[in-house]
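Each remark here refers to the structure printed beneath this line.
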Amino acid sequence: MNKLRFLLLEDSQLDAELIQAVLQEASFQFDVQQVQSEATYLNALETQRFDLILSDYSLPGFDGVAALRIAQQCCPETPFIFVSATLGEELAIETLKSGATDYVLKQRLERLAPAIRRALREAKERQDRQRAETALREAKDLYRLLFEQSPFGVLLIRSRDLTFAEFNAQAHQQLGYTSEEFAQLTLADIEATETQAISTEIRTAVRQGFNQFESRHRSKTGELRDVLVTARFIQIEGEPYLHGIWQDITDRKQAEFALHQRNERLKLLYEATSGLLSADQPITLLDDLFKKLAIHLDLHCYLSFLVESVEQKTILRLIAHSGITEAAAQTLHNLEADQSLCGLAITENHPVILPHVQQSTHPRAALVQELGITAYAGYPLVVRGRLLGALSFGSRTRAQFTDGELNLLQATADQVAVALERSNLLASLQQQTEQLRQANRVKDEFLAVLSHELRTPLNPILGWARLLQSRKHDEATVTRALEIIERNAKIQTQLIEDLLDVSRILQGKLSLHVAPVDLVPMIEAALETVQLAAEAKGIALQFMMTPFDAESLEAHPTQPVKFLVLGDAGRLQQIVWNLLSNAVKFTPAGGEVTIELNRVEESPPGSPESIQGAVTQCLLPYTQIIVHDTGKGIQPNFLPYVFDYFRQADGSTTRTFGGLGLGLAIVRHLVELHGGTIEAASAGENQGATFTVKLPLFQADRHPHYSQPPSPSLLLTSPLEGVKVLLVDDDRDALEFATFLLEQSGATVTATSSAQAALEILSHTKLDILISDIAMPHQDGYMLLRQVRQLAAPYNQIPAIALTAYAREEDSRHAYDVGFQKHLAKPIEPTVLIAAVAELMTLPTH
-4 MNKLRFLLLE DSQLDAELIQ AVLQEASFQF DVQQVQSEAT YLNALETQRF
46 DLILSDYSLP GFDGVAALRI AQQCCPETPF IFVSATLGEE LAIETLKSGA
96 TDYVLKQRLE RLAPAIRRAL REAKERQDRQ RAETALREAK DLYRLLFEQS
146 PFGVLLIRSR DLTFAEFNAQ AHQQLGYTSE EFAQLTLADI EATETQAIST
196 EIRTAVRQGF NQFESRHRSK TGELRDVLVT ARFIQIEGEP YLHGIWQDIT
246 DRKQAEFALH QRNERLKLLY EATSGLLSAD QPITLLDDLF KKLAIHLDLH
296 CYLSFLVESV EQKTILRLIA HSGITEAAAQ TLHNLEADQS LCGLAITENH
346 PVILPHVQQS THPRAALVQE LGITAYAGYP LVVRGRLLGA LSFGSRTRAQ
396 FTDGELNLLQ ATADQVAVAL ERSNLLASLQ QQTEQLRQAN RVKDEFLAVL
446 SHELRTPLNP ILGWARLLQS RKHDEATVTR ALEIIERNAK IQTQLIEDLL
496 DVSRILQGKL SLHVAPVDLV PMIEAALETV QLAAEAKGIA LQFMMTPFDA
546 ESLEAHPTQP VKFLVLGDAG RLQQIVWNLL SNAVKFTPAG GEVTIELNRV
596 EESPPGSPES IQGAVTQCLL PYTQIIVHDT GKGIQPNFLP YVFDYFRQAD
646 GSTTRTFGGL GLGLAIVRHL VELHGGTIEA ASAGENQGAT FTVKLPLFQA
696 DRHPHYSQPP SPSLLLTSPL EGVKVLLVDD DRDALEFATF LLEQSGATVT
746 ATSSAQAALE ILSHTKLDIL ISDIAMPHQD GYMLLRQVRQ LAAPYNQIPA
796 IALTAYAREE DSRHAYDVGF QKHLAKPIEP TVLIAAVAEL MTLPTH
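The numbering of the sequence shown is my numbering, which starts it at -4 and goes up by one.
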């Protein structure tokens, strides 16, 4: 509890102590400040607050009445009690009349404590009453201020007849009535809500003392305003009143309505997007989406286009529509972009909005004007920068669309574009999935065929090899066995070569050794290669050649005819041999295979079509190689895939013809590397097939740095007499075979199975040539040759040949980079190895 603060005006110290003792005995919690002069008294009142003033009446130079007046000026609410020994009854009454709270004689100080308590109580009551009055006055002033300046309409309505007792300026402004007009109105005169509903709300306010509800008021001009009414039932001087506050919520209600419409549109858009994105064909859902949009936006038609490029023109193809006749749709089915507003949206990549269409002078407005459209909006369908088409909307009753409605239409167009893109992606993924599934099936079939084709020649090779080792046979049997072994080994070698060629092609590493090549001897050599196989089946082989120039042929009848092309002789022979061997393979016994060689003149591939009257020197000479057979033919459904990798018309286990299905794919690539083309044709199964190869003829004036090939001559093989060979291979059989082959050619061979042993030999023995395998344990052929090149001269100058089963282009490059002069792939023809050694022996030593 806070202590009371007393101010004691007393010049007698003894009396002051006595007064304090009396107060302490009365259990007052107080602090007392004693002053004895006017100056100290005045200073205390001006600087401090006191709960009670006790004053003597008679003071030297200063009396209690003067002290009372000072207190009434400084702190009139503070109780003032005289405590005096000389104060008589009359004088005491005068002090009370002057404003003193009480008086107590020093002779009767027992009255002091009750007097103080009474004074303090009365002072508190007086202060409380003053505060209440002040608060009431301030509340009234505040209410009047709020009443007059409130942003809401405030009215006081008599409950008995619902007339208006009071109304503020805002009520006037909301409803437009003057004070005199208000005085003549009742609540029913301004209410636009049903009377029964308002009566119910008023009864609720009367019954509960308070109610809040929404209503609609009609202004003097007839305008309807939405209001939120807060009604309170009060009593004023015994008469019931309704105190009403009207908050104008017209703007809020309109915003809520707009928000509701926006939410409904967003809900509509979300549901329709969901439908579009989940559909495989979103175009089929456009009609349903349009019907929902039409309800909200008063739409009557839409047009959806896809973009196509036709003869360097942008064409809009109508794919969906609603609200127009079929006749009108036909006129819009293939629309040039520069004729329509949709085309403008596409070319500018921006929405085209056209209000008041029928009054528009826009140069492209004619089409939509003919459709009776009065408000138009067209949007490009764009996803991640990719233009797909256009989508436009039209109304025949409204003049224009609001910003919110245009935003909704834009969002719709965006979602349609995303749905179309998703549909395209799904279709593409499905197509890719099907292609992958087909590729996997083809791969599985190919692996099965590969396993079969590689194992098939192994069976006679191993079988006859074991028979020859088991016992002695007559010379005819041995000869026959060796022929079978050789034939099947060549078959397997060709399979491996085809696989390596495909690997080189797929990696883009198949290269050509280009020079002028005469096709005539090359075709004749290929015919000789397949001659035995054709004779075994009774197939007639025929080679027909049309000379370039009949007049020059007659003038020089003994000069051989040449068909020169610029290319790789080995690869060109591979093309012809593959086509001929395929023709023989797929032609039944007694059939016929022909190969034709002639000349044609055509425009270069990719050149524009010649125009009537154009100069003819743009035509270039080509040679045609046409291989035709009377065999199995090609089914129409397989004809487009005849040059694909790993594709065979029949990959089943019951197929009649073997092979990996790689030959024609390799042929096509080789032909294209030579700047030519190849085509396949067939009338169908058992109707034979025709393959036509076109190659550009060699023209010396176009390729002056290439010289024509010399006339063909027989290859004279020179024996390797006196040649000292170091042969290195960890495979015993391969080492033994190569040693035998080289020694049969006259060479002296030192054979070893490790790189370490070879290095030891080379470090102190002068040899003529090194032939080394690449893949060997501990130290391969590359490592061996690097160390050889680091030996002292002349041992480090030895020529070297890599003889290896690593036959890729990168393997060959690596061998040359390390320092080998030749790279020969296993299995190798004996003559090729002998020729390579002989060639290196003729080169000057470094």
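For each residue, glycine too, the CB sits at the ideal point set by N, CA and C. Keep in mind that this is a model prediction, so the values were computed, not measured.
(message) Less than 8 angstroms between C-beta atoms, sequence neighbours within five positions excluded: which residues of the same chain meet that for G338?
(response) T309, L311, L330, E331, A332, R359 and A385
(request) Could you spell out where the beta strand (DSSP E) holding A848 opens and where it closes? (result) Within the shown structure, residues of the chain are numbered from -4 to 841, placing residue 848 beyond reach of any answer.
(request) Please look up how many angstroms separate the CB atoms of L592 and L514, rounded, as I've assumed it's under 8 angstroms. (result) 6 angstroms
(message) If I measure Cβ to Cβ from S869 and keep anything under 6 angstroms in the same chain, skipping five residues before and after, which residues do I get?
(response) Here the chain covers residues -4 to 841 and nothing more, so residue 869 does not appear.
(request) Kindly confirm or deny that the segment 665 to 673 and the segment 559 to 567 touch, where touching means at least three C-beta pairs closer than 8 angstroms. (result) yes
(message) Measuring only the C-alpha atoms, how far is L91 from P74?
(response) 12 angstroms
(message) One question on the structure: do Q630 and I590 come within less than 9 angstroms of each other, judged by their Cβ atoms?
(response) no
(message) Judging by CA-CA distance, which residue of E805, F23 and L151 is the nearest neighbour of K(-2)?
(response) F23
(request) With distances taken Cα to Cα, identify the nearest neighbour of I534 among E492, H508 and P583. (result) P583
(request) Confirm, please, whether the CB-CB distance from A676 to D725 is below 9 angstroms. (result) no
(request) Check whether the segment 775 to 789 touches the segment 464 to 474, counting contact only when three or more Cβ pairs, one atom from each stretch, lie closer than 8 angstroms. (result) no
(request) Could you name the residues of the same chain whose beta carbon sits closer than 6 angstroms to that of L86, not counting the 5 residues immediately before and after it, in chain order? (result) none
(request) In angstroms with no decimal places, state the Cα-to-Cα distance between L765 and E731. (result) 16 angstroms
(request) Find the nearest neighbour of R103 within the set V17, L182 and A130, judged by alpha-carbon distance. (result) V17
(request) Taking only the alpha-carbon atoms, compute the straight-line gap between A510 and F693 and give it to the nearest angstrom. (result) 10 angstroms
(request) Indicate the three-state DSSP secondary structure (helix, strand or coil) for I197 in the structure shown. (result) helix
(message) Give me the residue from I231, L219 and F57 with the minimum Cα distance to T245.
(response) L219
(request) Could you tell me whether the segment 418 to 433 touches the segment 388 to 400, using the rule of 3 or more Cβ pairs below 8 angstroms? (result) no
(message) Distance check for A742 and A678, CA to CA, integer angstroms please.
(response) 57 angstroms
(message) Does D97 pass the burial test, meaning 16 or more other C-beta atoms within 10 Å, or should it be called exposed?
(response) buried
(request) Would you give the residue range spanned by the alpha helix (DSSP H) that E343 belongs to? (result) L336 to E343
(message) Pull the bridge partners of C70 from the DSSP assignment, please.
(response) Its beta-bridge partners do not exist; DSSP assigns none.
(message) Going by DSSP in three states, P691 sits in which element: helix, strand or coil?
(response) strand
(request) With a threshold of 16 other CB atoms inside 10 Å of the CB of S465, please say whether the residue is buried or exposed. (result) exposed
(request) Give me the Cα-Cα distance between M836 and L757, rounded to the nearest whole angstrom. (result) 18 angstroms
(request) List the endpoints of the continuous beta strand (DSSP E) containing Y299. (result) It is Ser, not Tyr, that sits at residue 299 in the sequence shown. Looking at the DSSP string, the run of the beta strand (DSSP E) that includes S299 is C296 to V305.
(request) For N(-3), name the three-state secondary structure that DSSP assigns. (result) coil
(request) Please name the residue, chosen from I290, V744, L690 and Q67, that lies closest to V512 on a Cα-to-Cα basis. (result) L690
(request) Pick out whichever of D763, L737 and D768 has its Cα sitting closest to the Cα of A750. (result) D768
(request) Starting from G562, follow its DSSP beta bridges and name the residues at the other end. (result) A510
(message) I'd like to check one pair, L4 with Q43: are the Cβ atoms closer than 9 angstroms?
(response) no
(request) Would you list the one or two residues that DSSP bridges to W241? (result) G148 and V224
(message) Does the segment 277 to 293 come into contact with the segment 347 to 365, if we say contact requires no fewer than three beta-carbon pairs (one atom in each stretch) closer than 8 angstroms?
(response) no
(request) Could you tell me which residues DSSP pairs with Q619 in its beta bridges? (result) N593 and K689
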